[in-house]
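Using the UniProt record's numbering, the first residue of the sequence shown is number 1, and each one after it goes up by one. Using N, Cα and C, we set each Cβ at its ideal position, and we do this for glycine too. Structure, as structure tokens:
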Amino acid sequence: MGLLDSFERGLERAVNGAFAKTFRSGVQPVEISSALRRELDTKAAVVSRERILVPNEFTVRLSPPDCTRMTDIGQPLIDELRQMVQQHAVAQNYSFSGPVSITLKQDGTLSTGILQIDSSTVQRDLAWVAVLDIGSQRHKLHRGRTVIGRGSDADITVADTGTSRKHVEVIWDGKHAQANDLGSTNGSKLNGERFQQAIVEPDSTIEIGRTRMVFRVIPDNDGGAR
1 MGLLDSFERG LERAVNGAFA KTFRSGVQPV EISSALRREL DTKAAVVSRE
51 RILVPNEFTV RLSPPDCTRM TDIGQPLIDE LRQMVQQHAV AQNYSFSGPV
101 SITLKQDGTL STGILQIDSS TVQRDLAWVA VLDIGSQRHK LHRGRTVIGR
151 GSDADITVAD TGTSRKHVEV IWDGKHAQAN DLGSTNGSKL NGERFQQAIV
201 EPDSTIEIGR TRMVFRVIPD NDGGAR
């Protein structure tokens, strides 16, 4: 279940035509989700019989208190919102001209509970990057070999005594990923199954000791979505 699903669906109400609404308790993630969907639907432009173009870059403007609360949730919120936008586009047969970017921005002219969405269509070449999400930390994987373990000489060090100094490696070639257990004491799991060597698909979970890592392939921040 995603982050947005954890909020009561009863909170989800349509925002008005200006994509702003007042909520006594402040803006909630589910209201941002509704506003983004509405923005897609309103800005959808039919460019051909088989193509409906929608914005791909969004700025969510929030009051200072609301922006602080949403920013504190961190990258998982942006990931959930981006995924929702992409899923809604697929369901409605919408097309993007480039990668989806969502940015939270503080706006001192807005009161608590008010949100506004600015959107634009920006054409860019889509670049992808592999990352490992470990807790609240996101680690970008470079092409080649990345070693994870509790040792200071690992490429990614985890504070977990249940892991070996060099526990597992992930090899990324720019398109595909493979994980190899490096003879660890306690072994490694991929999506709950023990492995020595395995192909890692996007959104797969690697477990070493008590540490869970999610492998993702996302648009590159330097030339794509954020």
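Here Asp-133 is buried, its C-beta having at least 16 other C-beta atoms within 10 Å. The distance from the Cβ of Arg-194 to that of Gly-187 is about 5 Å, consistent with a contact at the 8 Å cut-off. Counting only runs that start and end inside the UniProt domain "FHA" (146 to 195), the beta strand (DSSP E) elements of at least 3 residues fall at 168 to 172, 177 to 181, 188 to 190 and 193 to 195.
Contact holds between the region 143 to 153 and the region 162 to 171, because three or more Cβ pairs, one in each stretch, are under 8 Å apart. Rounded to the nearest angstrom, the Cβ distance from Lys-140 to Val-129 is 6 Å, consistent with a contact under 8 Å. By the Cβ neighbour-count rule, Ala-89 is buried, with 16 or more other Cβ atoms within 10 Å of its own. Taking 8 Å as the cut-off, the Cβ atoms of Thr-103 and Ser-63 do not count as close. Of the candidates Gln-83, Gly-174 and Ala-45, Ala-45 places its Cα closest to the Cα of Pro-55. Within its own chain, the residues whose Cβ lies closer than 6 Å to the Cβ of Thr-185, once the five positions on either side in sequence are excluded, are Ser-164, listed in chain order.
For Glu-57, the enclosing beta strand (DSSP E) begins and ends at 57 to 62. Annotation: the continuous beta strand (DSSP E) that includes Glu-207 extends over 204 to 208.
Taking a 10 Å sphere around the C-beta of Gln-196, we find fewer than 16 other C-beta atoms and assign the residue as exposed.
The distance from the Cβ of Ile-218 to that of Val-131 is about 6 Å, consistent with a contact at the 8 Å cut-off. The Cβ atoms of Leu-115 and Arg-150 lie no closer than 8 Å to each other.
Within the model, the alpha-carbon separation for Pro-202 versus Thr-211 is close to 18 Å.
CA-CA distance, Arg-49 to Val-85, rounds to 22 Å. Rounded to the nearest angstrom, the Cβ distance from Asn-93 to Ile-156 is 40 Å, too far for a contact under 8 Å. Apart from sequence neighbours up to five positions away, no residue of its chain approaches Gly-135 with a beta-carbon distance below 6 Å. Taking Ile-199 as reference, the option from His-176, Ile-208 and Gln-106 with the minimal CA-CA separation is His-176. For Arg-82 and Ile-32, the gap between their C-alpha atoms comes out near 11 Å. Of the candidates Val-27, Ser-120, Ser-97 and Ala-35, Ser-97 places its Cα closest to the Cα of Val-47. Residues Asn-186, Gly-209 and Arg-210 of the same chain have their beta carbon placed closer than 7 Å to that of Gly-162, with the five preceding and five following residues left out of the count. With distances taken between CA atoms, Ala-179 lies nearest to Val-214 out of Val-214, Ser-119, Val-158 and Ser-152. In this chain, the beta strand (DSSP E) harbouring Ala-45 covers 45 to 48.
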